[in-house]
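In this note's numbering, the protein residues as written are 1001 to 1179. Reading through the structure tokens given below for one structure.
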């Protein structure tokens, strides 16, 4: 069921979450669904199209969303859940949203592979942990302890919000709408 592919040009098969499953499976299935949704919104586009901004002056674009989500996966799973010391992939001290601020030299193949690697590592870190297990790290803004359930819920929210952006950006690029 997990979304994972090395073909960044093809739309992944999205599997709708089961309607009668348990809490852990439901959270994991919804997260996988939203990960696959972002990949589907990017499928079949050129690097130039993927760098197309939504509506100026915004710099938001599909490539930037993938890069941003790679950093988000890294932050919540590696840094907070696992307590790993891992530098940001794209964010910098000077520009925390650097992932979104793409240049002509930024390409989708690299960003997609990086994002997929972070997703794979996130799955590995969550494996075998209970939803109530406290994370090794704390919330970066509040310093509060959080558990795996909170991370899953936040990641679903983060992807859902950005998938809404992706819907609008994709429609602007080539008119594609829907799933």
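Note that beta-carbon positions come from the ideal geometry of N, C-alpha and C, so glycine has one too.
Counted as a single uninterrupted DSSP element, the beta strand (DSSP E) harbouring residue 1147 occupies residues 1145-1147. Straight-line measurement puts the Cα of residue 1170 at about 17 angstroms from the Cα of residue 1057.
Between the C-alpha atoms of residue 1063 and residue 1156 there is a straight-line separation of about 19 angstroms. Taken in chain order, the unbroken stretches of alpha helix (DSSP H) that lie wholly in the region 1016-1076 and span 4 residues or more are 1023-1042, 1047-1050, 1062-1073. As the crow flies, the alpha-carbon of residue 1022 is around 23 angstroms from that of residue 1121. Inside the region 1085-1139, DSSP marks whole alpha helix (DSSP H) runs of 4 or more residues at positions 1108-1126, from first to last along the chain.
Restricting attention to 1175, 1076, 1113, 1085, the CA atom closest to the CA of residue 1066 is found in 1113. Segment contact: the region 1135-1153 against the region 1089-1096, fewer than three CB-CB distances shorter than 8 angstroms; contact not assigned. Counting of Cβ neighbours within 10 angstroms places residue 1116 among the buried residues, the total reaching 16 or more. For residue 1175, the secondary structure class from DSSP, reduced to helix, strand or coil, is coil. Distance between residue 1088 and residue 1071, taken at the CA atoms: about 6 angstroms. The way I'd put it, the region 1161-1169 doesn't touch the region 1125-1139; fewer than three beta-carbon pairs between them come closer than 8 angstroms. Contact annotation: residue 1152 and residue 1050 have beta-carbon atoms that are not nearer than 9 angstroms.
For the pair residue 1109 and residue 1147, the Cα-to-Cα distance works out to about 33 angstroms. Secondary structure at residue 1083: coil, using DSSP grouped into helix, strand and coil. Nearest to residue 1012 by C-alpha distance, out of 1030, 1175, 1040, 1020, is 1040.
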